[in-house]
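S.K.:
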Amino acid sequence: MDIVGTFAELVGRELKEDPDRARDLLLFGYRAKAVADKVLPDRKNPRSKQAAAQSVMDVIIKALAHPEQSAMVSLFVPGEPLSAAGITPYSVEALSCYLTGTKCEKFFLNLTAEEGIPETMCSFHRIFLGAAESNLMPKPRFTIYTNLACDGNMMTFPYLKRKYVIPGFFIDVPYEKNKEAVEYVAGQLREMTVFLSDMTGKAITKEALKDAVNCSNRASLNYQRHLKYQKDHYLPGTLTGDMYGVFMSHILLGTSQAERYTELLLNDIRNRPKCSGLRIMWIHLMPFMQKSVKKLFDFSDKAYITACDLVYDGFREQKAEDPYEAMADKMVYSAFNGETQDRIDRALEMAELTDAEGVVIFTHWGCKTTIGASGLMKEAFEEADLPSIILDGDGCNPENTSDGQIATRLEAFMEMLTERRTLSGKNRGRIII
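What follows is the structure in structure tokens.
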């Protein structure tokens, strides 16, 4: 019996009659899952992955149950000011992942199709918009978003700001990377802090922001240290668990939960035995619902993901003394801002750190940035003698992907990497997939 599928149908029926009851039902399911994971955790999952699951679940429950204490944010909005303000941030990607995890995504995708939202748009945004249009998603306190990384933000957030009639704050990150751009963004972040104080009635001191930034830096240092063990240590997990890392390294940065997660991550991998599995580097989001990909990576010691560029970019040290300049510098010099070469250079740095043997470039449905950059990335990786494969798919709507085709291509890629390893030390030449 498909319990999750049955639950989704119940939510769908309630959604048509009473969105509030549908939200209550969804909250009941999430709370029950949270309790079950605490009482009877999956022992195959290391403590760090369990902690991440609990932290992100807590965010979703608070966002749905206590919208007056929550803010709707885009993924690359700095988490530190929100942490200092005591606000729960939730992103397009986070909420949509959970709706997909309960197999409810089809209701919201159908609704956005009926509303005329193009199917070529990112599925994360379409599910998020559908949840808002159905009135399942409660009215948040306010919204904060940025143009960094995702062009879908520039449609989704202004639209929802008007729909809910809520205050909003926009952070404009220039394409150019220089001192002037950092100063410009730092000025906006100072204004954002005033905005947060006005919204919450809580004064946010520079010392509180410094504490949050220092917390982020400690988390980043733990994460970087853990990556060095990825060269020959395998930390069991799932694609879902790896996806949690995206949220821990962005919207939850500056919180004790993110720091604790990285402490556990470092401790977990230190205590793992060495492993001879294929070391795979991942570019972009994980298709955590795609059966063919899960089959290859979930709790597999034959091939494992050493690092993901989204997480790597998030867990990056902020060196400036001034907290506003530190956060601004991180946004401006993000690998996801500016030219594709910056993202390539950061990925090659990550590959060297973890001794990656191959790269999966996942071009998520509707993400024009990654789709457009994928060919340049592949060419650069191949020139660096790092085999790569471009996978076209959907990070949260498995129906947009041919499961059989992905399985065939990924298995062939893994076989090629295995053969390449046996030829170590010989003139292997470039291998194109």
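Here the sequence shown stands for residues 11 to 443, where the numbers follow our numbering.
Yeah, the Cβ is synthetic: ideal placement off N, Cα and C, and Gly gets one too.
In this text, all values refer to a predicted model and were calculated from it rather than measured experimentally.
1. Can you say whether N120 is buried or exposed, counting buried as having 16 or more other CB atoms within 10 angstroms of its CB?
2. Could you check whether the Cβ of Y244 sits closer than 7 Å to any heavy atom belonging to the ligand PLP?
3. Determine the DSSP secondary structure at I127, reduced to helix, strand or coil.
4. Which residues in the same chain have their Cβ closer than 6 Å to the Cβ of G405, if we skip the five residues on either side of it in sequence?
5. Rounded to the nearest angstrom, how far is the Cβ of T236 from that of F86, given a contact under 8 Å?
6. Okay, do the region 48-63 and the region 223-234 touch, 3+ Cβ pairs below 8 Å being the bar?
7. Assuming M164 is part of the beta strand (DSSP E), what are its boundary residues?
8. Within the same chain, show all residues whose beta-carbon is closer than 6 Å to that of Y322, passing over the 5 residues directly before and after it, in chain order.
9. Excluding five sequence neighbours on each side, which residues of the same chain lie with their C-beta closer than 8 Å to the C-beta of L74?
10. Can you grab the Cα-Cα spacing for the pair T215 / A196, in whole Å?
11. Which parts of the region 25-83 are runs of the beta strand (DSSP E), unbroken and 3 residues or longer, counting only runs that do not cross its ends?
12. Name the two residues that bound the continuous alpha helix (DSSP H) containing K318.
13. Run through DSSP, which three-state label would D445 get?
14. Please name the residue or residues paired with W292 in a DSSP beta bridge.
15. Identify whether Y155 lies in helix, strand or coil by the three-state DSSP scheme.
16. Three Cβ pairs or more, each shorter than 8 Å: is that satisfied between the region 58-72 and the region 180-198?
17. Which residue comes first and which comes last in the alpha helix (DSSP H) that contains I416?
18. Work out the CA separation of P91 and Q198 for me, nearest whole Å.
19. Three Cβ pairs or more, each shorter than 8 Å: is that satisfied between the region 395-410 and the region 365-374?
20. Taking the continuous beta strand (DSSP E) assigned at Y100, which residues delimit it?
21. Does the beta carbon of A159 come closer than 8 Å to any beta carbon on chain D?
22. Could you check if D283 is buried or exposed, using at least 16 other CB atoms within 10 Å of its CB as the buried criterion?
23. Out of P246, L274, L358, point me to the one whose CA is closest to F309's CA.
24. Please specify which runs of the alpha helix (DSSP H), each continuous and at least 4 residues long, are wholly inside the region 318-362, giving them in chain order.
25. How far does the alpha helix (DSSP H) with I181 in it extend, from its first residue to its last?
26. Measure the C-alpha to C-alpha separation of T418 and K304 and round it to an integer number of angstroms.
27. Could you check whether E367 and L433 sit closer than 8 Å to each other, using their CB atoms as the reference points?
28. State yes or no: is the C-beta of A345 within less than 8 Å of the C-beta of R356?
29. Could you give the distance in angstroms between the alpha-carbon of K340 and the alpha-carbon of F325?
30. Which one of G255, D252, K220 has the shortest CA to CA distance from G264?
31. Just to confirm, are I290 and Y254 a CB contact at a threshold of 8 Å?
32. Between Q351, A42, N347, which lies nearest to N9 when the distance is taken from Cα to Cα?
M.R.: Walking through what the data contain:
1. exposed
2. The ligand PLP is absent from the structure shown, which contains no ligands of any kind.
3. coil
4. L295, P297, H374
5. The sequence as given places His at residue 236; Thr does not occur at that position. Rounded, the Cβ-Cβ distance is 22 Å, inconsistent with contact.
6. no
7. That residue, M164, is in no beta strand (DSSP E); its alpha helix (DSSP H) goes 163-174.
8. M360
9. R33, L36, L37, Y40, M147, P148
10. 15 Å
11. 80-83
12. Correcting the residue type first, residue 318 is Cys in the shown sequence and not Lys. It is not in any alpha helix (DSSP H) - C318 instead sits in the beta strand (DSSP E) that spans 313-318.
13. No answer is possible for residue 445: the residues shown for the chain start at 11 and end at 443.
14. C318, V370
15. strand
16. no
17. 413-432
18. 12 Å
19. yes
20. 98-101
21. This model lacks chain D altogether, as it is built from one protein chain only.
22. Sequence check: residue 283 is Pro here, not Asp. Classification of P283: exposed, given that the 10 Å Cβ count is below 16.
23. P246
24. 319-324, 333-342
25. Note, I181: premise wrong, no alpha helix (DSSP H); beta strand (DSSP E) at 178-181.
26. 14 Å
27. no
28. yes
29. 10 Å
30. K220
31. no
32. The structure shown does not extend to residue 9, since the chain spans only 11 to 443, so no value can be given for it.
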